[in-house]
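To convert, take the position in the sequence shown, counting from 1, and add 21; that gives this note's numbering.
Glycine included, C-beta positions come from ideal geometry on N, C-alpha and C.
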Amino acid sequence: QVQVVESGGGLVQLGGSLRLSCVALRTIFRIFAMGWYRQAPGNQRDLVARITAIGGSTNYADSVKGRFNISRDNAKNTVYLQMNSLKPEDTAVYYCNTHPVPGSWGQGTQVTVSS
C-alpha cells in the first residue's frame with residue numbers, strides 16, 4: 022500500500038525556489054512526525070527537515086537552515102517543503118516519510134539545481 026506520494030521537483034537555476042508536496046495516508050499523517058529526506062547519487066539518504074504531528078515543531082539540517090521551510094496541512098494530509106536560495110549541492114531525489122522511523126518509501130521527486 023502506497024503510504025506517501027511526493028511531487029513538485031524540477032530543474033531550477035542557482036538561487037531559485039521550489040515547493041515540494043507530499044500527500045500521506047491519513048492513518049500515518051495524524052500520528053507521526055513527518056520528515057523530508059534527500060539522497061544524492063553515491064550518498065546516503067539524509068534527513069533535511071522534520072515537523073511534529075502535534076504542535077508543528079520543526080528541525081532542519083544545518084545545510085538548509087534559513088533556506089528551507091517545512092510545513093503541514095493536517096486537513097489535506099500534506100506536508101510541504103519550501104526551498105529557497107537553492108544551490109547545486111541541493112540536487113538530489115527528495116523523499117518524505119515518517120520520522121524517526123521511516124515506513125515504506127515513495128518514489129521521491131527529483132530536484133536539480135544548475136549553476
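Secondary structure note for Phe89: its beta strand (DSSP E) is the uninterrupted segment 89-94.
The secondary-structure analysis by DSSP pairs Leu68 across a beta bridge with Tyr58. A straight line joining the alpha-carbon of Leu107 with that of Asn90 spans about 12 Å. Minimum Cα-Cα distance from Asn105 among the listed residues Val25, Leu39, Gly30 corresponds to Leu39. Distance check between Ile72 and each of Asn95, Gln65, Gly63, Ser84 places Asn95 closest, using alpha-carbon atoms only. Relative to Thr48, the option among Asn98, Ala61, Val26, Pro62 whose CA is nearest is Asn98. For the set Gln24, Ser28, Gln128, Pro109, the Cα lying nearest the Cα of Gly37 is the one of Pro109. Apart from the 5 residues on each side of it in sequence, Arg66 sits with its Cβ closer than 6 Å to the Cβ of Tyr58, Gln60 in its chain, given in chain order.
In this structure, the CA atom of Ile52 is about 8 Å from the CA atom of Ile75. For Thr48, the enclosing alpha helix (DSSP H) has its first and last residue at 47-50. In this structure Val69 is in contact with Ala82, their Cβ atoms being roughly 5 Å apart against a cut-off of 8 Å.
For Glu27, the uninterrupted beta strand (DSSP E) segment begins and ends at 25-28.
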